[in-house]
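Accompanying notes for the structure given below.
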Amino acid sequence: MSTIEQAETDRGLPIKAVPVRHPGRWAAVAILLLLAAMAANSLITNPKWLWHTFAKYVFTDAIFQGLLRTVWITGAAMAIGIALGIVLAVMRMSPNPVVKTVAWLYIWFFRGTPVLVQLVFWAYLAQLYRYLSLGIPFGPQFLFFDVNELIPVIFAAVLALGLNEAAYMAEIVRSGILSVGKGQTEAAEALGMRRTMLMRRIVLPQAMRIIVPPTGNEVISMLKTTSLLAFVAVPELFTTAQNIYNSNYQMIPLLMVASMWYLVVTTILSVGQFYLERHFGRGVAGSRQQRAKRRLATMGPA
């Protein structure tokens, strides 16, 4: 029997697959377990970590209030950033050179200056402008506003974080929009679909597959960026922990309390991001599986 005939005869027999052994992986796992055990032993047996202080403050009302305020600020700032970022992304892609330049200048400025500087500017705006007014330039003024009453410090902080985030979200949204094929937008325009409906019905639903992962990272980053509000005395999670350790001088356990709650919220956000990515990537994953099945079918015997 020839080699070709033997191969055709054996083609239908089950393959005896021998798993490949990876001793290096087992060695790496053993080393990692050893390092984890050493770290756990250090954390548990070292009394200077002050775990009793950690347990005393981790579930206190003050910490919970700071945590809720942190989550609220994160959500509000991201809402401003996402909404304004979409507008800026559309402006950046506008055929109007004036609109495109305005969007580019906004992104250039807010990405190029430190977020802490922007935060302090908005929080202490009253030192520059005690009152804001509406009226005729160099003429009579009709309405006056006290800046301290108009923009409380917590809203100034949300505004600062949201305006800064919009510059980054604009580039994320723009990259997602550019990932959609031009053929689809041209077909929609040929059907007479207006630009706003085109973005809402055709482009953005497909762009979400590209937009969601970096947006999830931005939300998590915003959660931790709220700790900068300690510089403007907004009582969020980090500021609350800071106020407590300034009174009892036990900084390390209070920082661990704050870090633990940041980790908890980050974990929840990561799970939500995972399900959003899976939701918006369903069509792409399905098409990839179909293409893989077609390739396997073509590789089979005639």
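Add 16 to the 1-based position in the sequence shown for the numbering used here, that's all there is to it.
Backbone N, C-alpha and C define an ideal beta-carbon position, used for all residues, glycine too.
All values derive from a computational prediction rather than experimental measurement.
Test item: CB-CB of residue i and residue j under 9 Å
i, j, result
"GLY97", "MET209", "no"
"GLY192", "LEU220", "yes"
"ALA182", "LEU100", "yes"
"VAL9", "VAL118", "Nothing can be reported for residue 9, as the shown portion of the chain is limited to 17 through 318."
"GLU252", "THR86", "yes"
"ARG217", "ALA204", "yes"
"ILE260", "TYR73", "yes"
"LEU292", "ILE89", "no"
"VAL250", "ILE79", "no"
Sheet register partners of residue i (DSSP bridge)
i, result
"LEU148", "PHE161"
Option in the options with minimal Cα separation from residue i
i, options, result
"VAL106", "PRO130, LEU59, ALA56 and VAL189", "VAL189"
"ALA71", "PRO35, PRO111, GLN289 and LEU270", "LEU270"
"GLU165", "LEU179, ALA246 and TYR145", "TYR145"
"THR255", "ARG37, LEU84 and ILE47", "LEU84"
"ARG211", "TRP120, ASN259 and MET109", "MET109"
"HIS295", "ARG217, ALA56 and VAL228", "VAL228"
"ALA223", "ALA246, ALA55, LYS198 and ILE167", "LYS198"
"LEU141", "PHE125, PHE171 and TRP120", "PHE171"
Per-residue DSSP class, three states only, for residue i
i, result
"THR76", "coil"
"THR37", "Note that residue 37 is Arg in the sequence shown, not Thr. Coil at ARG37, not helix or strand."
"MET224", "helix"
"GLY208", "coil"
"VAL196", "coil"
"PRO156", "coil"
"SER110", "coil"
"TYR265", "coil"
"PRO317", "Reliability of the predicted coordinates at PRO317 is poor, the pLDDT of 49 falling under 50, and the value obtained from them is presented with this limitation in mind. Coil at PRO317, not helix or strand."
"PRO130", "coil"
"ASN180", "helix"
"ALA249", "coil"
"LEU66", "coil"
"ILE167", "coil"
"LYS32", "coil"
"GLY297", "coil"
"TYR140", "coil"
Check: Are the stretch 127-146 and the stretch 172-182 touching by the rule of at least three beta carbon pairs closer than 8 Å?
Finding: A contact exists between the stretch 127-146 and the stretch 172-182.
Check: Do the stretch 274-288 and the stretch 233-253 touch if we need at least three Cβ pairs shorter than 8 Å?
Finding: With a cut-off of 8 Å on Cβ pairs, the stretch 274-288 is in contact with the stretch 233-253, counting three or more such pairs.
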